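Novice: Residue numbers (the working numbering): 7 to 335. Backbone N, C-alpha and C define an ideal beta-carbon position, used for all residues, glycine too. Model, not experiment: these values are computed from the prediction.
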Ligand SMILES: O=C(O)CCC(=O)C(=O)O
Ligand SMILES: [Fe+2]
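1. Identify the continuous beta strand (DSSP E) that holds residue 111 and give its terminal residues.
2. Per DSSP, what kind of secondary structure is residue 15 in: helix, strand or coil?
3. So, does the segment 59-68 touch the segment 133-152, judging by three or more C-beta pairs under 8 Å?
4. Comparing alpha-carbon positions, which option in 225, 289, 312 and 248 lies nearest residue 270?
5. Between 106, 90 and 129, which lies nearest to residue 84 when the distance is taken from Cα to Cα?
6. Would you say the beta carbon of residue 79 is closer than 7 Å to some non-hydrogen atom of ligand 1?
7. If the criterion is Cβ atoms closer than 8 Å, does the pair residue 209 and residue 63 meet it?
8. Is residue 188 a contact residue of ligand 1, with contact defined as CB to any heavy atom under 7 Å?
9. Check this for me: beta carbons of residue 253 and residue 312, under 8 Å apart or not?
10. Residue 75: buried (16+ other C-beta within 10 angstroms of its C-beta) or exposed?
11. Less than 7 Å between the CB of residue 197 and some heavy atom of ligand 2, yes or no?
12. Check whether the segment 18-32 and the segment 127-144 touch, using three or more Cβ-Cβ pairs below 8 Å as the test.
13. For residue 98, which residues from the same chain have a beta carbon less than 7 Å from its beta carbon, with the 5 sequence-adjacent residues on both sides left out?
14. Taking the beta strand (DSSP E) that residue 243 falls in, what are its first and last residues?
15. Sort 187, 198 and 259 by Cα distance to residue 281 and report the nearest one.
16. Do residue 13 and residue 47 have their CB atoms nearer than 8 Å?
17. DSSP three-state label for residue 26, please.
18. So, under 8 Å CB-CB, residue 38 and residue 219 are touching, yes? Tell me the CB distance rounded to an integer number of Å.
19. Check residue 128 in the structure and name its three-state DSSP category.
20. Could you spell out where the alpha helix (DSSP H) holding residue 152 opens and where it closes?
21. Could you check if residue 156 is buried or exposed, using at least 16 other CB atoms within 10 Å of its CB as the buried criterion?
22. Residue 309 by DSSP, collapsed to three states: which one?
23. Measuring from the CB of residue 266, is there a heavy atom of ligand 2 at a distance below 7 Å?
24. Under a three-way DSSP split, which group does residue 85 fall into?
25. Let me check understanding here. Comparing Cα to Cα, which of 284, 231 and 241 lies closest to residue 256?
26. With distances taken from CA atoms, which of 50, 106 and 68 is nearest residue 17?
27. Quick one: give me the first and last residue of the beta strand (DSSP E) that residue 184 is part of.
28. Is the beta carbon of residue 264 less than 8 Å from the beta carbon of residue 229?
What follows is the structure, encoded as structure tokens:
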């Protein structure tokens, strides 16, 4: 399986070796036309930072339920989503009836109280909610998000070259990228749990790029283009990266978004810290076609895309959307 998922070594690029960018671009193109996932090595994010972020996720979820519910997820998609708070209804590979067996908390870029988007209550531009009783937690989350953002930005020239664009092609779209750090807790699923109960059901991410730190507890699997589900390997020191629906759409379906799922029958508690990375809030993403033609999809922004998606997948969003629609009616 490590044979199947390409491994991109960022060492030569970071060392400024001539030709490294174009070589990585070719490898990335292959990754996104054949698999939809790739590993990066020599990515520059230290293992201690990742370990401490996993620990922070564990500390967060170990709090009493009341403390977590005090920062319940809101219309900005920031805060705590209780166990079985989401059912994967769209993008699924099969029919999924049961809510996902995970609880999660979501953080976005830290915005000051007087930021114009905060003052105007612009959707998905709200302030983070932080737990009251966890010293050092906020700082840890901010450190992790900074590190993941830095890595994601450093990969953009590779994406540009993979699409035969100049290295700085993506820069104007990512002046203040949107991102979300999700800290998930997958309780052990009982051996007697129904077949169609998942930690997270088969889905596509919405993102342009998802960075996933290696997990010591297995459970993640991917669906190859052959239709076969395979367990994701976890090579030491590497990070797993995939593209979601935004990448697929923006590349006019040239780059694939690959279905994946989690089942936690490991007999242990499992935590995950995926980082979802997208263009700036107001960036207009018109299809990047091979021949410069307009492409199949309409140009779209992050909020327009996300509001369409949210309506179908998150229970809290569905309720909110209904209220919003009623207000507008
Ligand atoms: O828990 C994992 O390993 C992956 C989680 C995932 O696919 C997601 O949160 O979108
Ligand atoms: Fe995912």
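Specialist: In brief:
1. First-last of the beta strand (DSSP E) with residue 111: 109-114.
2. Strand, per DSSP.
3. With three or more CB-CB distances shorter than 8 Å, the segment 59-68 counts as touching the segment 133-152.
4. Of all alpha-carbon atoms in 225, 289, 312 and 248, the one lying nearest the alpha-carbon of residue 270 is that of 225.
5. It is 129 whose Cα lies nearest to the Cα of residue 84.
6. Checking the Cβ of residue 79 against ligand 1 gives no.
7. No. Outside cutoff.
8. At least one heavy atom of ligand 1 is nearer than 7 Å to the Cβ of residue 188, so yes.
9. The Cβ-Cβ distance between residue 253 and residue 312 does not fall below 8 Å.
10. The residue in question, residue 75, is exposed, as its Cβ has fewer than 16 Cβ neighbours within 10 Å.
11. The nearest non-hydrogen atom of ligand 2 is 7 Å or more from the C-beta of residue 197.
12. No, the segment 18-32 does not touch the segment 127-144.
13. At residue 98 the pLDDT is 45, less than 50, meaning the model places this residue with poor confidence and gives no usable figure here.
14. Taken as a continuous stretch (DSSP letters only), residue 243 belongs to no beta strand (DSSP E), as it is neither H nor E.
15. Checking every option, the nearest Cα to that of residue 281 belongs to 187.
16. Residue 13 places its beta carbon less than 8 Å from that of residue 47.
17. Residue state, collapsed to three classes: helix.
18. The pair is not a contact, with the Cβ atoms about 21 Å apart (cut-off 8 Å).
19. Residue 128 falls in the coil class under three-state DSSP.
20. Annotation for residue 152: the continuous alpha helix (DSSP H) segment containing it runs 143-168.
21. Residue 156 is exposed by the Cβ-count criterion.
22. Correct three-state label for residue 309: helix.
23. In this structure, residue 266 has its beta carbon less than 7 Å from a heavy atom of ligand 2.
24. Of the three classes helix, strand and coil, the one that applies to residue 85 here is strand, per DSSP.
25. Closest option to residue 256, Cα to Cα, is 284.
26. Nearest C-alpha to residue 17: 50.
27. That run of the beta strand (DSSP E) goes 183-192.
28. Cβ atoms of residue 264 and residue 229: closer than 8 Å.
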